[in-house]
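Note that our numbering numbers the sequence shown so that position 501 is 556, with each residue one more than the last.
Backbone N, C-alpha and C define an ideal beta-carbon position, used for all residues, glycine too.
Here the structure is a predicted model, which means the values were calculated and not measured.
Read the structure below first, then the notes.
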Amino acid sequence: MIIGLAAITREIVIACRQIGQAVSETYAAFIASTILNPASGTFYVDKGLDETEARALVEAAVRKIFSRNNPALETLRLQAVYDSAFLDESRRLMKEARQREEQQSALTSEISEAFIDSATKTVADDFDNLAALYRKVFHLLLLKCGAIEQATQPKNAAIEREVAAALESVFPRVGLRPFIALSPAERVAQLSELASIVLGIRLYNQKIRKGGAGLRPLDDKVLEDGSELEGLLRSETDTVSAVCSSYSDVVLYAPLLKDKLDAPKLDKLRKELAYCRQLLAYLVSLQDDLASARQKLQTAHTELEEELARVDASVADKQTVPKEIVYPMFDNAARLYQTAIASLQWLQSRRTLFERLRNHRNEYFPSPAQELVESARAAKANNSPETIPLPDEPPLGFVPEEGTVQDVEEPVLITEDNTQDFLHLPLDFQGRFCVFHHDKAKDEFLARPERYFIGIRSSLLNILQRAADVDGAVLAMPLQADAATITPTHFVEKHRDRTYEWNEWELRKQALQWADIRGRSTKDSQTVLSNFRRENETQVWLKKHEATSTPQEVGTNPPVMKRYLRGLRGEYNLKPRIVDICFEL
Numbered sequence: 056m057i058i059g060l061a062a063i064t065r066e067i068v069i070a071c072r073q074i075g076q077a078v079s080e081t082y083a084a085f086i087a088s089t090i091l092n093p094a095s096g097t098f099y100v101d102k103g104l105d106e107t108e109a110r111a112l113v114e115a116a117v118r119k120i121f122s123r124n125n126p127a128l129e130t131l132r133l134q135a136v137y138d139s140a141f142l143d144e145s146r147r148l149m150k151e152a153r154q155r156e157e158q159q160s161a162l163t164s165e166i167s168e169a170f171i172d173s174a175t176k177t178v179a180d181d182f183d184n185l186a187a188l189y190r191k192v193f194h195l196l197l198l199k200c201g202a203i204e205q206a207t208q209p210k211n212a213a214i215e216r217e218v219a220a221a222l223e224s225v226f227p228r229v230g231l232r233p234f235i236a237l238s239p240a241e242r243v244a245q246l247s248e249l250a251s252i253v254l255g256i257r258l259y260n261q262k263i264r265k266g267g268a269g270l271r272p273l274d275d276k277v278l279e280d281g282s283e284l285e286g287l288l289r290s291e292t293d294t295v296s297a298v299c300s301s302y303s304d305v306v307l308y309a310p311l312l313k314d315k316l317d318a319p320k321l322d323k324l325r326k327e328l329a330y331c332r333q334l335l336a337y338l339v340s341l342q343d344d345l346a347s348a349r350q351k352l353q354t355a356h357t358e359l360e361e362e363l364a365r366v367d368a369s370v371a372d373k374q375t376v377p378k379e380i381v382y383p384m385f386d387n388a389a390r391l392y393q394t395a396i397a398s399l400q401w402l403q404s405r406r407t408l409f410e411r412l413r414n415h416r417n418e419y420f421p422s423p424a425q426e427l428v429e430s431a432r433a434a435k436a437n438n439s440p441e442t443i444p445l446p447d448e449p450p451l452g453f454v455p456e457e458g459t460v461q462d463v464e465e466p467v468l469i470t471e472d473n474t475q476d477f478l479h480l481p482l483d484f485q486g487r488f489c490v491f492h493h494d495k496a497k498d499e500f501l502a503r504p505e506r507y508f509i510g511i512r513s514s515l516l517n518i519l520q521r522a523a524d525v526d527g528a529v530l531a532m533p534l535q536a537d538a539a540t541i542t543p544t545h546f547v548e549k550h551r552d553r554t555y556e557w558n559e560w561e562l563r564k565q566a567l568q569w570a571d572i573r574g575r576s577t578k579d580s581q582t583v584l585s586n587f588r589r590e591n592e593t594q595v596w597l598k599k600h601e602a603t604s605t606p607q608e609v610g611t612n613p614p615v616m617k618r619y620l621r622g623l624r625g626e627y628n629l630k631p632r633i634v635d636i637c638f639e640l
């Protein structure tokens, strides 16, 4: 029996829990995907596994999970923690947005159908129907203009009063009649614009401190929280970057530190460097996302304050204001507020990811020995990467002069010094784009590039984005398909009888016709006048005569039975009794 990766992952999780350590399915799948089969030299997950191979894979994965002080394993665990947290946050945001959208879409569709029914049934003057439609519009505005950050709206009397007042001001009940006459698409657009205007009114009420219940205020504290998070993330990034630089110096100048570094220690340092660089890559990615979200939030906040200030200047100390002036302002303010709330939710999700990374860093964060760092810095001050001894290798070619011919297969060095418009060259990377820390690393790669692509550590597949090159390293999502079968009632055959009849009553009719025809006789005679004349006659089935089968030509009715009580008028010599009379009409 072939056992899949999902079943193996569940077995790994169960085995770890029995030993006393809880691991996630994502982490277990990461570990299972990076274990090699010693018999074939390939990954276990490259093909289907039998029971013996699956048991060996589970045992190897459990041993690897419980290994201590293993930088490669910690790198995999870091990747699993971050990827699972990132996926959870994305699903949470999508679920909340989808839930709000489903509620609003269902109510909008219900309103549209109710409007169409009212228009077709011509009950626009019915007060109950109009009141029901108005209540549905009110509930839709509660979903769109209430506590818009929450998937389910709480019962809040202040929110309901404020939304009801804004609705009555913008869209009174008397406006339902012309609203019903609009097309469905126009009604949906009107509802969307109505929701934006009502939300803008609530935002203005919040600014003047006369409403805005349930709306999250976008004050300076929100911006300060984002700035504080960016500062923490920058500090964390600088710390990890400094550690990565120390590791890079030690690994780069390791040939000059042979008295202090042996092969096992150097291999461990490289694995720890991979872990730190993976952590740094996640931090830099979060920093970029945070900077983009903060910029959007700051821009939306500034424009929202300016828009509300213009609204305040338009309606201040005035009894009436033309709606052509303030309604577009309210609509724009609502859109800016929704953009700011979306950026704020994005910031909150990135804060959660940062907390996960910081917790993992507190659990495990290696650093090179200070003695090795000082020795590497001393070697760096006295030497350059080019002076470190390398194996004998062919020198790298240079860019040929203009007008000369050179073998295109020979690699050449293209830099800003020997190439014009270096940053605008139309280069074809062919799926691989490599960046080197220094010239020595570049020379080592050019000497044997296949060695570096084939020998990538399992913990580096994610950070180098080379997981697609290794079969089984990327966990494929389960395929889903809709399948159904249908059996026709009558199969279509090539040889069909056009005279076939299946209706029983039609068959009975044909049988009666044939029986009647068989009982008839045809007579013919020839005369002198008709001897040379052809006569064509057609026998047809005449239609039934419409007549009654009764001897009378008048209609009949069933008799009517009546029952009366006799002797109730007070005569002393008559006793009351029941009389039944039959009337024939």
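Item	Value
Is any beta-carbon of chain C found at less than 9 Å from that of Pro272?	Looking for chain C here will not work: only one protein chain is present.
Under 9 Å, do Gln129 and Leu408 count as touching if we go by C-beta distance?	Note that residue 129 is Glu in the sequence shown here, rather than Gln. No.
How far does the beta strand (DSSP E) with Leu60 in it extend, from its first residue to its last?	It is not in any beta strand (DSSP E) - Leu60 instead sits in the alpha helix (DSSP H) that spans Leu60 to Ile74.
Quick one, which of Ser251, Arg575, Ala212 and Gly574 has its alpha-carbon nearest Asp386's?	Ser251
Whole angstroms is fine: what's the gap from Gly75's alpha carbon to Thr81's?	18 Å
Whole angstroms is fine: what's the gap from Asp552's alpha carbon to Ser576's?	31 Å
Under 8 Å, with one C-beta from each stretch per pair, do the region 345-354 and the region 271-290 reach the 3-pair mark?	yes
How close, in whole Å, do the beta carbons of Lys326 and Ala127 come, if the pair is a contact with beta carbons under 8 Å?	5 Å
Nearest-angstrom Cα distance between Leu195 and Arg155?	11 Å
Just to confirm before moving on: does the CB-CB distance between Leu321 and Ala434 stay below 9 Å?	no
Expressed to the nearest angstrom, what Euclidean distance is found between the alpha-carbon atoms of Gln705 and Arg153?	There is simply no residue 705 to check, as the chain begins at 56 and stops at 640 in what is shown.
So, under 8 Å CB-CB, Glu223 and Gly266 are touching, yes? Tell me the CB distance rounded to an integer number of Å.	No, Glu223 and Gly266 are not in contact; Cβ-Cβ is about 14 Å, not under 8 Å.
So, with DSSP's three-state summary, where would you put Val428?	helix
Quick one: what's Lys630 bridged to in DSSP?	In DSSP, Lys630 forms no bridge with anything.
Under a Cβ-count criterion, where at least 16 other Cβ atoms within 10 Å of its own Cβ denotes burial, should Arg618 be classed as buried or exposed?	exposed
Given a threshold of 16 other Cβ atoms within 10 Å of its Cβ, counted over all protein chains shown, does Gln350 qualify as buried or as exposed?	exposed
Measure the alpha-carbon distance for Ala355 versus Val78 and round it to whole angstroms.	41 Å
Is Ile636 helix, strand or coil by DSSP?	strand
Nearest to Ala221 by CA position, among Leu249, Gly230, Pro233 and Leu237, is which residue?	Leu249
Who are the near neighbours of Phe226 in its chain, counting only those whose CB is closer than 6 Å to its CB and skipping five residues on each side?	Leu249
Output the distance between the C-alpha atoms of Gln374 and Glu362, rounded to the nearest integer angstrom.	20 Å
Is Lys630 buried or exposed, if buried means 16 or more other CB atoms sit within 10 Å of its CB?	exposed
Which stretch, first to last residue, makes up the beta strand (DSSP E) that contains Tyr619?	Val615 to Arg621
Classify Leu567 as buried or exposed, calling it buried when 16 or more other Cβ atoms lie within 10 Å of its own Cβ.	exposed
According to DSSP, is Leu104 part of a helix, a strand, or is it coil?	strand
Using a threshold of 9 Å, state whether the C-beta atoms of Leu334 and Leu412 are closer than that.	yes
Residues in its own chain within less than 7 Å of Arg632 by CB, not counting five upstream and five downstream?	Arg621 and Gly622
Do you know offhand how far Ala309's Cα is from Arg432's?	11 Å
Quick test of your reading: Tyr185 and Leu246, contact by CB under 8 Å. State the CB separation rounded to the nearest angstrom.	Note that residue 185 is Leu in the sequence shown here, rather than Tyr. Not a contact, Cβ separation roughly 16 Å.
Within this structure, are the beta carbons of Leu146 and His415 separated by less than 9 Å?	Here the sequence assigns Arg to residue 146, which means Leu is not the residue at that position. Not closer than 9 Å, so no.
Report the rounded CA-to-CA distance for Pro614 versus Asp635, giving the unit in angstroms.	13 Å
Count the other C-beta atoms from every protein chain shown that fall within 10 angstroms of the C-beta of Met149, then say buried if there are 16 or more, exposed otherwise.	exposed
Taking buried to mean at least 16 other C-beta atoms within 10 Å of its own C-beta, is Pro423 buried or exposed?	buried
Classify Asn184 as helix, strand or coil using the three-state DSSP reduction.	helix
Determine the DSSP secondary structure at Arg624, reduced to helix, strand or coil.	coil
Where do the N-terminal and C-terminal ends of the alpha helix (DSSP H) with Lys495 fall, by residue?	Asp494 to Ala502
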